[in-house]
Amino acid sequence: MPPRRRLDPAQRRAQLLEVAAREFAAKPYDAVQMEQIAEQAGISRALLYRHFHAKHDLFAAVYRQAADRLLADTEPDPAASLTEQITLGLEVHFDYFLANRNTVLAANRTLAGDPVVQAAITDELTALRQRLVDASGLTGHAGELLSAALTGWLQFVRVLCVEWLLTEALSRTELRELCVGALTGALEKITGEAEGGRES
Numbered sequence: 002m003p004p005r006r007r008l009d010p011a012q013r014r015a016q017l018l019e020v021a022a023r024e025f026a027a028k029p030y031d032a033v034q035m036e037q038i039a040e041q042a043g044i045s046r047a048l049l050y051r052h053f054h055a056k057h058d059l060f061a062a063v064y065r066q067a068a069d070r071l072l073a074d075t076e077p078d079p080a081a082s083l084t085e086q087i088t089l090g091l092e093v094h095f096d097y098f099l100a101n102r103n104t105v106l107a108a109n110r111t112l113a114g115d116p117v118v119q120a121a122i123t124d125e126l127t128a129l130r131q132r133l134v135d136a137s138g139l140t141g142h143a144g145e146l147l148s149a150a151l152t153g154w155l156q157f158v159r160v161l162c163v164e165w166l167l168t169e170a171l172s173r174t175e176l177r178e179l180c181v182g183a184l185t186g187a188l189e190k191i192t193g194e195a196e197g198g199r200e201s
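Under my numbering, the first residue of the sequence shown is numbered 2, with each subsequent residue one higher.
Written out as structure tokens, the structure reads:
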């Protein structure tokens with residue numbers, strides 16, 4: 002066990018999230034033990050449970066932090082086109098998914114019914130959707146159509162990425178092309194209708 006260091010509550014929480022993130026990435030959810038996380042952090046199990054009452058609470062905090070970081074790492078570039086922003090955002094997420102395969106599978110399968118974990122996923126998808134609508138410059142009905150299309154597309158990407166992690170039936174390039182291609186047609190139709198409406 003590492004030597005115990007006295008940390009304030011915020012520092013201790015950050016340390017525990019860092020240790021737990023490594024554990025959840027390295028092992029399937031059911032193989033992660035709170036005792037091991039406490040040991041690696043150099044604290045007692047009782048202190049760990051004082052910060053997080055159960056393993057799924059700790060996992061939810063880890064996933065919430067990861068979602069926040071992904072949003073920060075995919076901050077839109079105003080100089081990039083919408084398609085470029087989508088592609089770059091996908092690549093950042095793919096990097097995270099590959100490095101944290103067990104975490105992603107736990108969130109989307111093992112804990113698919115956990116409301117706190119699912120809220121973290123929903124909040125990230127909602128923020129991504131609004132970001133892309135804003136980046137498109139579409140307003141009014143066209144913006145509403147795009148928002149609806151993105152809602153379905155983001156769920157499609159989520160399901161496809163989980164399948165990719167499980168089966169590896171697709172290459173990363175094929176996955177990216179499928180995801181981008183699935184949205185391109187809808188974007189063309191919506192922007193075409195918006196331009197047609199302005200002309201008339």
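C-beta: ideal position from N, C-alpha, C; glycine also. Since the structure is predicted, the reported quantities are computational estimates derived from the model, not experimental observations.
Look at arginine 7 here: in three-state DSSP terms it is coil, with no helix or strand label. Of Ala68, Met35, Arg177 and Ala81, the smallest CA-CA separation from phenylalanine 157 is found for Arg177. Around glycine 138, the same chain offers no residue with a beta carbon nearer than 6 Å, after the five sequence neighbours per side are excluded. Using a 10 angstroms sphere on the CB of glutamate 24, the tally of other CB atoms reaches 16 or more, which defines it as buried. The Cβ-Cβ distance between alanine 27 and tyrosine 64 does not fall below 8 Å.
Between leucine 133 and isoleucine 191, the gap from beta carbon to beta carbon reaches 8 Å or more. Take the alpha-carbon of tryptophan 165 and the one of threonine 174: they are about 11 Å apart. DSSP places glycine 43 in no alpha helix (DSSP H); its state is neither H nor E. Annotated three-state conformation of serine 172 is coil, per DSSP. In the structure shown, alanine 21 falls within a helical segment according to DSSP collapsed to helix, strand and coil. DSSP places threonine 192 in the helix class (H, G or I) of the three-state scheme.
By the C-beta criterion, the stretch 117 to 134 is judged not to be in contact with the stretch 49 to 56, since fewer than 3 inter-stretch pairs fall below 8 Å. If you draw a straight line from the Cα of glycine 114 to the Cα of asparagine 101, it is about 20 Å long. In the displayed model, glycine 114 falls within coil according to three-state DSSP, outside both helix and strand.
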